[in-house]
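**Q**
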Amino acid sequence: EPVLYVIATPIGNLGDLSPRAIELLSKADLIAAEDTRHTGRLLAYFNIKSTLISVHDHNENARADLIIRHLSAGKTIALVSDAGTPLISDPGFSLVRRVREAGYTVSPVPGCCAFIAALSAAGLPSDRFMFIGFLPAKQQARLKSLAALVEYSCTLIFYESTHRILDSLQAMIEVFGADREAVVAREITKTFETIKHGSLAELLLWMQSDANQQKGEFVVLVHGASAPQADKEGPDARSLEIVRLLAEELP
Ligand code: SAM
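Residue numbers for the sequence shown follow the UniProt record's numbering, beginning at 3 and rising by one.
1) Can you give the beta carbon distance from residue 115 to residue 86, rounded, assuming they're within the 8 Å contact cut?
2) In whole angstroms, what separates the C-alpha of residue 177 from that of residue 202?
3) Pull up the distance between the alpha-carbon of residue 234 and that of residue 179, whole angstroms please.
4) Report whether the distance from the Cβ of residue 220 to the nearest heavy atom of ligand 1 is below 7 Å.
5) Let me know if residue 209 comes out buried or exposed under the rule of 16 or more other beta-carbons within 10 Å of its beta-carbon.
6) According to DSSP, simplified to helix, strand and coil, what is residue 110?
7) Tell me residue 157's beta-bridge partners as DSSP assigns them.
8) Within its chain, find whatever has a CB closer than 6 Å to the CB of residue 199; leave out the 5 residues flanking it on each side and keep chain order.
9) Specify, as a first and last residue, the run of the alpha helix (DSSP H) that residue 101 falls within.
10) Leaving out the 5 sequence neighbours to the left and right, which residues in its chain are closer than 8 Å to residue 18 when beta-carbon positions are compared?
11) Going by the C-beta, is residue 115 closer than 7 Å to any heavy atom of ligand 1?
12) Counting only the same chain and skipping the five closest in sequence on each side, list residues whose C-beta sits under 6 Å from that of residue 83.
13) Among 181, 216, 71, whose alpha-carbon lies nearest the alpha-carbon of residue 194?
14) Hey, residue 2 and residue 227: beta-carbon distance below 8 Å or not?
15) Strictly by DSSP, which residues pair up with residue 163?
16) Quick one: grab the DSSP three-state call for residue 234.
17) Taking the beta strand (DSSP E) that residue 60 belongs to, which residues open and close that run?
18) If you count every other CB in all the chains shown that lies within 10 Å of the CB of residue 10, and 16 or more means buried, which is it?
19) Are the Cβ atoms of residue 206 and residue 173 separated by less than 8 Å?
20) Please state whether DSSP places residue 50 in a helix, a strand or coil.
21) DSSP on residue 41, reduced to helix/strand/coil?
22) Which stretch, first to last residue, makes up the beta strand (DSSP E) that contains residue 183?
23) Going by C-alpha to C-alpha distance, which of 157, 21, 224, 4 sits closest to residue 107?
24) Apply the 10 Å Cβ neighbour rule to residue 143 and answer buried if 16 or more other Cβ atoms are within range, or exposed otherwise.
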């Protein structure tokens, strides 16, 4: 049966590629990769010789046509990204959608995902969380995105790169306040893995005082708002309305 396997790859430590992932990558007629050179090195390490084609944000639709043709010829295809789970802040969404619409089986081969790994070790509430991914690059747009999240009580999870980590922490302090509890998870599964807990202000200071801590890849997790944000006059109008409606329901 033709299948598109969506296969997670390591986010640092190559030992995290699962035996099933290795087997399916070896058996695939075609591997659709975000960056064929990058994935080429991964395949070489595991001595996998399957054919690679590129699928990235700019050719995803044309590639979907090609992949659907291959599936109709009974082929097995694997989709990978540079690191972690495809579609998670990575290409693949429109391909997966198109393949499913065309009636073919899409099957996940789970493995690494940087934010799930970070959440599992951060010690922040993990019952309810919201994955935001990358914030906009421009300062105004970034502040606006953060402002929309200020009242959420669930844990907020962001991706960040070495270029913007300080700017992002600064923006978070501006919007969430310096005292908001947070965790920075850096270089997960790699040599310099660091998972640091503190207030946003403490984390920024710590990072500013040690340039090494600004390098690499980051997941930033921010504790949700502790209580509904009350304005100076007391509880906001919406909370009062809810209390009134509840009171009406009581016998
Ligand atoms: N698809 C990937 C996943 O499943 O996590 C995410 C790809 S996204 C383009 C890359 C971002 O993921 C990085 O900028 C960083 O925020 C996060 N990331 C990836 N690997 C990481 C690692 N080893 N440690 C911390 N963050 C990582």
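Even for Gly, the Cβ is constructed at its ideal location relative to N, Cα and C. Remember, it's a predicted structure, so these values are computed and weren't measured experimentally.
**A** A quick look at the data gives this:
1) The count along the sequence shown starts at 1 and reaches residue 115 at position 113. The count along the sequence shown starts at 1 and reaches residue 86 at position 84. About 5 Å; that satisfies the 8 Å criterion.
2) Residue numbering aside, residue 177 sits at position 175 when the sequence shown is read from its first letter. Residue numbering aside, residue 202 sits at position 200 when the sequence shown is read from its first letter. In a straight line, the C-alpha of residue 177 is about 11 Å away from that of residue 202.
3) Position 232 of the sequence shown holds residue 234. Position 177 of the sequence shown holds residue 179. With a pLDDT of 49 at residue 234, under the threshold of 50, the predicted position of this residue should be treated as unreliable, and no value is reported.
4) Stepping through the sequence shown from its first residue, residue 220 is reached at position 218. Yes, the beta carbon of residue 220 sits closer than 7 Å to at least one heavy atom of ligand 1.
5) Here residue 209 refers to the residue found at position 207 of the sequence shown. By the neighbour-count rule (16 or more Cβ atoms within 10 Å), residue 209 is buried.
6) Here the question's residue 110 lines up with position 108 in the sequence shown. Strand, per DSSP.
7) For the purposes of this step, residue 157 is identified with residue 155 of the sequence shown, where counting begins at 1. Paired residues: 131.
8) Taking the sequence shown and counting its residues from 1, the one referred to as residue 199 is at position 197. So the qualifying residues of the chain are 185.
9) In the sequence shown, the residue the question calls residue 101 occupies position 99. 95-103 is the extent of the alpha helix (DSSP H) around residue 101.
10) As a working mapping, residue 18 is identified with position 16 in the sequence shown. Once the five neighbours on either side are set aside, the close Cβ partners of residue 18 are 12, 113, 114, 191.
11) By one-based count along the sequence shown, residue 115 stands at place 113. The answer is yes for residue 115.
12) Position 81 of the sequence shown, counting from 1, holds the residue named residue 83. 36, 92, listed in sequence order.
13) As a first step, residue 194 must be located in the sequence shown, where it is residue number 192. Selected option, being the one with the closest Cα: 216.
14) Outside the shown range of the chain, which is 3 to 253, sits residue 2, and nothing can be said about it.
15) Residue numbering aside, residue 163 sits at position 161 when the sequence shown is read from its first letter. According to DSSP, which records beta bridges pairwise, residue 163 is partnered with 219.
16) As a working mapping, residue 234 is identified with position 232 in the sequence shown. Low local confidence applies: a pLDDT of 49 at residue 234 is under 50, so the model's placement there is unreliable, with the coordinate-based value given in what follows. Looking at residue 234 - three-state DSSP - the assignment turns out to be coil, as it is neither helix nor strand.
17) What you label residue 60 is simply residue 58 of the sequence shown in a count that begins at 1. Here residue 60 belongs to no beta strand (DSSP E), and DSSP marks it neither H nor E.
18) The residue labelled residue 10 in the question sits at position 8 within the sequence shown. Buried: at least 16 other Cβ atoms inside 10 Å.
19) Start at 1 with the first residue of the sequence shown, and residue 206 comes out as number 204. Start at 1 with the first residue of the sequence shown, and residue 173 comes out as number 171. No, the pair does not count as a contact, with Cβ atoms beyond the cut-off.
20) The sequence position of residue 50 within the sequence shown is 48, counting from 1. Residue state, collapsed to three classes: coil.
21) If you number the sequence shown from 1, residue 41 lands on position 39. Of the three classes helix, strand and coil, the one that applies to residue 41 here is helix, per DSSP.
22) The residue labelled residue 183 in the question sits at position 181 within the sequence shown. Element bounds for residue 183: 183-188.
23) As a working mapping, residue 107 is identified with position 105 in the sequence shown. Closest by alpha carbon: 4.
24) Counted from its first residue, the sequence shown places residue 143 at position 141. Exposed is the call here.
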